[in-house]
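Novice: Questions regarding the structure given below will be posed in turn.
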Amino acid sequence: MHFHIITLFPEICQAYTDASILGRAQKSEKGKGAKVKGKKISVSYYNPREFSKDKNKKVDERPYGGGPGMVMQAEPVLKAWEKAVGRKKDQSKVKTLIMSPRGRVFTQDVAKEYAQKYEHLVLISGRYEGIDYRVNEILGAEEVSVGEYVLTGGELPALTIVDATARQIPGVLGTFESLEEERVTSGKSYTRPEVLKYKKQEYRVPEVLLKGNHAEIEKWRGDK
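Take a look at the structure:
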């Protein structure tokens, strides 16, 4: 899958997507017999300022009808979208999202839906008081929310969607991580040492985890 992030602050997003699992998934790997395995995902960035006609690269204006704050102009965002996916012949494989606290609530099931149905996911990250609504109308974009709260920008919601959706793409997670993805656990994990001494108190690993009885361990995890 190819993720396209439209944002005024691409450096914020790229620092995260280039690290760890997402970073690894964007690199080609050598398989058996020196065969090169392709990338699992791609992530591209588009700054609306690059498409502004203003000499100072301004992309915001006062809202019609009055009100506080500024609104992102439609044209720079639309031009960024065109650069990203405007020439894709099969637009049915393209999904355009606008980050918004008023939108459809993003869940694990939605992440699976995006991964299964689309090849290109465009994530438009607004700032200020939002984006000129004509962007929604022209692109048929879906507003999506990662929670009932308001952030200063759409970058964190966009990264949340990229991360959760990428995990649903075959090969992005390693074998062990894939197993963990499907398992519902207690949320309690322990590692060495067996006895942790902290401020004159001893904190022990639950005994069931030390006996090696996998059936009992799974039962313990499921009961928690």
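Following this note's numbering from start to finish, the sequence shown increments by one per residue and tops out at 225.
We treat Cβ as the ideally placed atom computed from N, Cα and C, and that holds for glycine.
In this text the structure is predicted, and so the values were computed from the model without any measurement.
#1: When burial is assigned at 16 or more other CB atoms within 10 Å of the CB, is S126 buried or exposed?
#2: Buried or exposed: D110, going by 16 or more other Cβ atoms within 10 Å of its Cβ?
#3: So for L122, helix, strand or coil by DSSP?
#4: Can you give the Cα-Cα distance for G39 and L98, rounded to whole angstroms?
#5: Using only the alpha-carbon positions, how far apart do C1 and E156 sit?
#6: So, L122 versus K96, is the Cβ gap smaller than 8 Å?
#7: Quick test of your reading: M71 and Y129, contact by CB under 8 Å. State the CB separation rounded to the nearest angstrom.
#8: What does DSSP give as the partner residues of L160 in its beta bridges?
#9: Do you know how far the Cα of Q169 is from the Cα of G141?
#10: When you compare only the Cα positions, how much space is there between Q92 and Y46?
#11: Would you mind sorting L180 into buried or exposed? The rule is 16 or more other CB atoms within 10 Å of its CB.
#12: Among K58, S53, N57, I22, whose alpha-carbon lies nearest the alpha-carbon of K41?
#13: Measure the alpha-carbon distance for S53 versus V206 and round it to whole angstroms.
#14: Would you say the stretch 189–207 touches the stretch 131–146, given that touching needs at least three Cβ pairs under 8 Å?
#15: Using CA coordinates, which residue listed in A20, L9, R25 is at the minimum distance from L174?
#16: Measuring only the C-alpha atoms, how far is K113 from T166?
#17: Can you tell me whether I132 is buried or exposed? The criterion is at least 16 other CB atoms within 10 Å of its CB, across all chains shown.
Specialist: Result, derived from the coordinates:
#1: buried
#2: exposed
#3: strand
#4: 26 Å
#5: No statement about residue 1 is possible, as the shown extent of the chain runs from 2 to 225 and does not include it.
#6: yes
#7: 4 Å
#8: Per DSSP, none; premise fails for L160.
#9: 25 Å
#10: 19 Å
#11: Residue placement at L180 is poorly supported in this model, since its pLDDT is 47, which falls under 50; the coordinates still yield a value, given next. Looking at its Cβ environment, which holds fewer than 16 other Cβ atoms inside 10 Å, L180 is exposed.
#12: I22
#13: 58 Å
#14: no
#15: R25
#16: 6 Å
#17: buried
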